[in-house]
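Contents: one structure, followed by commentary.
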Amino acid sequence: MDVIALTGGIAAGKSTVARRWRGHGAVIIDADALAREAVAPGSAGLEAIAERFGAEVLDEHGTLDRGALGRRVFADEAERSALNAIVHPEVHRLYHESVARARDADPGTLIVYDVPLLGQARGRDEFGLVVVVDAPAQTRVRRLVEHRGMTEEEARVRVAAQLTDDERRALADIVIDASGTLERTLEQADQVWSTVRSRASVGGAE
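Quick note on numbering: the working numbering labels position 204 of the sequence shown as 199, and the sequence is numbered without any gaps.
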């Protein structure tokens, strides 16, 4: 089977589903981890960011100060676009390298790309299946305030910087409703995983 895209807005519950699927044997490629690698100390990505945004987005050790950069870009679409133009091509390269390694290690493995910005950074057509973990914007704002220590204003800016709920759902082949309890989210994650495994078996992945 082609790579499965797992996406969802910030604080929707996507990482919860990814952890569950990893426990079921999926190879999870984490877009956020690739993005960190793309701007690691000494990388071309970090050099380009410093040149574009200035030394104030670096800490005293020359490492990216994510807080400073986030405050700079999340409320400014032009600045965010400039950052994406630097980071996304490098993440794309690292993603394909990760897929190739996983397939070399086990051609039958199911690969899941845990990607928050599907539809903004990448198109859906390159994936065999798109699963959206969904929770209303107001629920996600509340979770960011309660669990990540953001102010309500900061949380609303983060949510508004991403696709709308309707835009994200429009990408989906399958939607997991994560607006309720953790138990209900995990139950749906297990059901979807069972369906995906069945499709892979019929398609000859096992």
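The C-beta atom is built at its ideal place from N, Cα and C for all residues, glycine as well.
Exercise. Report the three-state DSSP secondary structure of valine 125 (helix, strand or coil).
Key: Here the question's residue 125 lines up with position 130 in the sequence shown. Valine 125: strand per DSSP, three-state reduction.
Quiz prompt | Cβ shell of threonine 190 (< 6 Å), same chain only, five flanking positions each side left out | solution = Mapped onto the sequence shown, residue 190 falls at position 195. The beta carbon of threonine 190 sits closer than 6 Å to no other beta carbon from its chain once the five residues preceding and following it are set aside.
Self-check item: At least three beta-carbon pairs within less than 8 Å, the stretch 120 to 139 to the stretch -4 to 13
Solution: By the Cβ test, the stretch 120 to 139 is in contact with the stretch -4 to 13, since at least three Cβ pairs between them sit closer than 8 Å.
Practice problem: Return helix, strand or coil for aspartate 99, following the three-state DSSP convention. | Solution: Taking the sequence shown and counting its residues from 1, one reaches residue 99 at position 104. Note: aspartate 99 maps to helix in three-state DSSP.
Quiz item: Between the stretch 157 to 170 and the stretch 47 to 56, do three or more beta carbon pairs fall short of 8 Å?
Solution: No, because fewer than three Cβ pairs between the stretch 157 to 170 and the stretch 47 to 56 fall closer than 8 Å, the two stretches do not touch.
Exercise. Would you identify the three-state DSSP class for alanine 173, choosing helix, strand or coil?
Key: Translated into the one-based positions of the sequence shown, residue 173 becomes position 178. If DSSP states are grouped into helix, strand and coil, alanine 173 belongs with coil.
Quiz item: Can the beta-carbon of leucine 1 be found closer than 8 Å to that of valine 170?
Solution: Mapped onto the sequence shown, residue 1 falls at position 6. Mapped onto the sequence shown, residue 170 falls at position 175. No, these two residues do not count as a Cβ contact at 8 Å.
Exercise. Let me know if glycine 4 comes out buried or exposed under the rule of 16 or more other beta-carbons within 10 Å of its beta-carbon.
Key: Numbered from 1 along the sequence shown, position 9 holds the residue referred to as residue 4. A residue is called buried when at least 16 other Cβ atoms come within 10 angstroms of its Cβ; glycine 4 meets this threshold and is buried.
Quiz prompt | Contact under 8 Å by Cβ, leucine 29 with isoleucine 44 | solution = As a working mapping, residue 29 is identified with position 34 in the sequence shown. As a working mapping, residue 44 is identified with position 49 in the sequence shown. Not a contact, by the Cβ cut-off of 8 Å.
Quiz prompt | Spatial neighbours of valine 86 in its chain, beta-carbon cut-off 6 Å, leaving aside the 5 residues before and after | solution = Taking the sequence shown and counting its residues from 1, one reaches residue 86 at position 91. By the criterion of a C-beta distance shorter than 6 Å, valine 86 is surrounded in its chain by Leu29, Ala30 and Ala33, once the five residues flanking it on both sides are discounted.
Practice problem: Classify threonine 146 as buried or exposed, calling it buried when 16 or more other Cβ atoms lie within 10 Å of its own Cβ. | Solution: Within the sequence shown, the letter at position 151 stands for residue 146. Residue burial is scored here from C-beta neighbours: threonine 146 has fewer than 16 other C-beta atoms within 10 angstroms and is therefore classed as exposed.
Practice problem: Count the other C-beta atoms from every protein chain shown that fall within 10 angstroms of the C-beta of leucine 177, then say buried if there are 16 or more, exposed otherwise. | Solution: Counting from one through the sequence shown, the residue named residue 177 turns up at place 182. By the 16-neighbour rule on beta-carbons within 10 angstroms, leucine 177 is exposed.
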